[in-house]
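A.B. asks: Encoded as structure tokens, here's the structure I'll be asking about.
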Amino acid sequence: MPELPEVETVRAGLEPAVTGSTVTSVSVLDARSLRRHDGPVEDFADQLLGAIFDGAVRRGKFLWLPIAGSGRALVAHLGMSGQVLLRAPAASPDRLLRVRIGIESPQHGELVVAFVDQRIFGSMSVRDLVPTADGRAAGRGLDDARIPDQVAHIARDPLDPAFDDRAFFAALRRRRTGIKRALLDQTLVSGIGNIYADEALWAARLHFDAPTETLSRPRATTLLAEVRLILARAVAEGGTSFDAQYVNVNGASGYFSHSLNAYGQQGRACPRCGRPIVREAFMNRNSHFCPYCQRLRAR
DNA sequence: AGCGAGCCCTGCGCGC
DNA sequence: TGCGCGCAGGGCTCGC
64 MPELPEVETV
74 RAGLEPAVTG
84 STVTSVSVLD
94 ARSLRRHDGP
104 VEDFADQLLG
114 AIFDGAVRRG
124 KFLWLPIAGS
134 GRALVAHLGM
144 SGQVLLRAPA
154 ASPDRLLRVR
164 IGIESPQHGE
174 LVVAFVDQRI
184 FGSMSVRDLV
194 PTADGRAAGR
204 GLDDARIPDQ
214 VAHIARDPLD
224 PAFDDRAFFA
234 ALRRRRTGIK
244 RALLDQTLVS
254 GIGNIYADEA
264 LWAARLHFDA
274 PTETLSRPRA
284 TTLLAEVRLI
294 LARAVAEGGT
304 SFDAQYVNVN
314 GASGYFSHSL
324 NAYGQQGRAC
334 PRCGRPIVRE
344 AFMNRNSHFC
354 PYCQRLRAR
């Protein structure tokens with residue numbers, strides 16, 4: 064499920080439940096979900112038991128819960144199919160449950176943080192926090208300039224107030240690659256995946272393979288603005304209210320609750336010009352675009 | 001530097 | 001009904 068808006072929905076849903084909560088139990092049902100944890104399963108559980116979470120923070124598609132007084136955080140990445148769900152302790156286990164973390168919340172009582180992941184491309188891990196390179200807050204959710212070492216190489220996302228537009232444009236100009244490759248490069252700009260890349264490129268009328276170095280400043284500015292617009296709109300639509308009874312912070316509503324203009328629309332009419340949207344193989348995935356509105360040569 | 005390929009995996013929906 | 005296949009929103013590493 065997860066690009067930035069979906070992960071933000073999860074973060075916002077988790078925040079009120081986990082902040083100030085104490086971990087009371089840890090159960091790892093599939094050790095493969097801890098692939099990115101530096102140590103054995105027992106170590107993961109040991110680090111978490113008794114931990115108190117300071118909040119829920121996100122940068123790009125990475126999510127983490129800082130552990131009070133430890134200099135560490137529980138880090139989650141959802142991969143292609145991961146979900147973090149809040150459950151009542153007595154609820155029957157979700158299908159594809161990989162990690163189950165019991166917490167005691169000051170306001171909401173006992174809850175379960177359930178990490179569900181079909182393909183196991185996602186992961187949970189306990190990682191050390193390191194200072195951010197620029198000394199600014201690491202991500203959305205907490206004013207703390209420390210970031211998990213696993214996330215330190217990930218660029219800020221376009222909704223981050225500390226995102227540096229000028230540095231982004233300069234980096235873009237230095238690149239010798241196609242614009243979609245650049246958008247998907249999480250070390251250049253984070254949070255954008257295949258869906259929102261296609262949607263932003265459609266909105267900015269850019270071909271996915273347009274060379275970054277030839278992208279004019281106005282077109283790059285337009286593209287970044289479209290990225291922000293699309294991400295922000297999806298975040299607004301994905302917002303889930305917290306319900307202490309039976310909580311589901313699944314961000315699934317994000318993608319499909321609003322109409323997509325390009326992604327998955329192959330064969331259907333381009334909403335702008337009426338000609339058919341095309342799907343083309345790209346980076347072991349697909350690109351969806353309008354060959355008329357999004358031509359390789361600038362018009 | 002950046003690309004392509006390969007790999008990590010499971011389950012769904014579709015066509016036959 | 002059952003089977004095989006293609007498909008899926010990510011990220012990391014490696015060799016070139």
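Each residue of the first sequence is one higher than the one before, counting from 64 in the numbering used here.
We put the beta carbon where it would ideally sit given N, CA and C, even for glycine.
None of these values were measured; they are calculated from a predicted model.
1) Contact check, Leu294 vs Gly254 under 8 angstroms by CB: the rounded distance?
2) Taking the alpha helix (DSSP H) that Gly76 falls in, what are its first and last residues?
3) Could you tell me whether the segment 110–123 touches the segment 67–85, where touching means 3 or more Cβ pairs closer than 8 angstroms?
4) Compute the Euclidean distance between the alpha carbons of Arg203 and Pro274, then round it to the nearest angstrom.
5) For Met346, count the other beta carbons within 10 Å of its own beta carbon; 16 or more makes it buried, fewer makes it exposed. Which is it?
6) Go ahead and label Ala177 buried or exposed: buried means 16 or more other beta carbons lie within 10 angstroms of its beta carbon, across all protein chains shown.
7) Less than 8 angstroms between C-beta atoms, sequence neighbours within five positions excluded: which residues of the same chain meet that for Arg358?
8) Compare the beta carbon distance of Arg163 and Val175 with 7 angstroms and say whether it is the shorter of the two.
9) Where Ala80 and His171 are concerned, what is the direct C-alpha to C-alpha distance, given to the nearest angstrom?
10) Between the beta-carbon of Asn257 and the beta-carbon of Arg348, is there less than 7 angstroms?
11) Would you list the residues sitting across from Thr85 in a DSSP beta bridge?
12) What are the partner residues of Arg150, as DSSP defines its beta bridges?
13) Within its chain, find whatever has a CB closer than 7 angstroms to the CB of Leu137; leave out the 5 residues flanking it on each side and keep chain order.
14) Touching or not, the segment 325–335 and the segment 97–109, by the rule of three or more beta carbon pairs under 8 angstroms?
15) How many Å lie between Gly337 and Gly241 at the Cα?
16) Considering only C-alpha positions, which residue in the set Ala114, Arg98, Gly76, Val89 is nearest to Gly83?
17) Below 6 angstroms CB to CB, which residues in the same chain sit around Gly165 once its five sequence neighbours on both sides are set aside?
18) When we look at the beta-carbon of Tyr318 and count the other beta-carbons within 10 Å, is it buried (16 or more) or exposed?
19) Considering only residues of the same chain and omitting the five flanking positions on each side of Pro354, which have a CB-CB separation below 7 angstroms?
20) Can you tell me which of the three DSSP states Pro334 falls into?
21) What runs of the beta strand (DSSP E), each 3 residues or longer, lie entirely inside the segment 179–212?
C.D. replies: Quick look at the numbers:
1) Residue numbering aside, residue 294 sits at position 231 when the first sequence is read from its first letter. Residue numbering aside, residue 254 sits at position 191 when the first sequence is read from its first letter. Leu294 to Gly254, Cβ: 7 angstroms. Contact.
2) By one-based count along the first sequence, residue 76 stands at place 13. Gly76 -> alpha helix (DSSP H) spans 67–81.
3) yes
4) As a first step, residue 203 must be located in the first sequence, where it is residue number 140. As a first step, residue 274 must be located in the first sequence, where it is residue number 211. Their backbone Cα atoms lie some 31 angstroms apart in a straight line.
5) What you label residue 346 is simply residue 283 of the first sequence in a count that begins at 1. With fewer than 16 Cβ atoms within 10 Å of its Cβ, Met346 is classed as exposed.
6) Locating residue 177 in the first sequence gives position 114, counting from the first residue. Flag for Ala177 reads buried.
7) As a working note, residue 358 is residue 295 in the first sequence. Closer than 8 angstroms at Cβ, skipping near neighbours: His270.
8) What you label residue 163 is simply residue 100 of the first sequence in a count that begins at 1. What you label residue 175 is simply residue 112 of the first sequence in a count that begins at 1. Yes; because the gap between Cβ atoms is below 7 angstroms, this pair is in contact.
9) In the first sequence, the residue the question calls residue 80 occupies position 17. In the first sequence, the residue the question calls residue 171 occupies position 108. Taking the straight line from one Cα to the other gives about 7 angstroms.
10) In the first sequence, residue 257 corresponds to position 194, counting from 1. In the first sequence, residue 348 corresponds to position 285, counting from 1. Against a cut-off of 7 angstroms, the Cβ pair of Arg348 and Asn257 comes out as a contact.
11) Start at 1 with the first residue of the first sequence, and residue 85 comes out as number 22. For Thr85, which the question treats as bridged, DSSP gives the partners Ile115, Glu167.
12) Within the first sequence, residue 150 is the residue found at index 87, counting from 1. Note: Arg150 sits in a beta bridge opposite Val175.
13) Within the first sequence, residue 137 is the residue found at index 74, counting from 1. So the list reads Leu111, Trp127, Leu128, Ile130, Met187, Val189, once near-sequence residues are dropped.
14) no
15) Against the first sequence, residue 337 aligns to sequence position 274. Against the first sequence, residue 241 aligns to sequence position 178. Each residue's Cα considered, the two are about 26 angstroms apart.
16) As a working note, residue 83 is residue 20 in the first sequence. The shortest C-alpha separation from Gly83 is found at Ala114.
17) Against the first sequence, residue 165 aligns to sequence position 102. Hits under 6 angstroms: Thr87, Ser88, Val175.
18) For the purposes of this step, residue 318 is taken as residue 255 along the first sequence, with counting starting at 1. Confidence at Tyr318 is low in this model, with a pLDDT of 49, below 50, so its placement is unreliable and the value that follows should be read with caution. Per the 10 Å Cβ criterion, buried.
19) The residue labelled residue 354 in the question sits at position 291 within the first sequence. Excluding residues within five positions, the ones whose Cβ falls inside 7 angstroms are Val341.
20) Taking the first sequence and counting its residues from 1, one reaches residue 334 at position 271. Collapsing the DSSP output to three states places Pro334 in coil.
21) As far as the segment 179–212 is concerned, its whole beta strand (DSSP E) runs of at least 3 residues are 186–194, 209–211.
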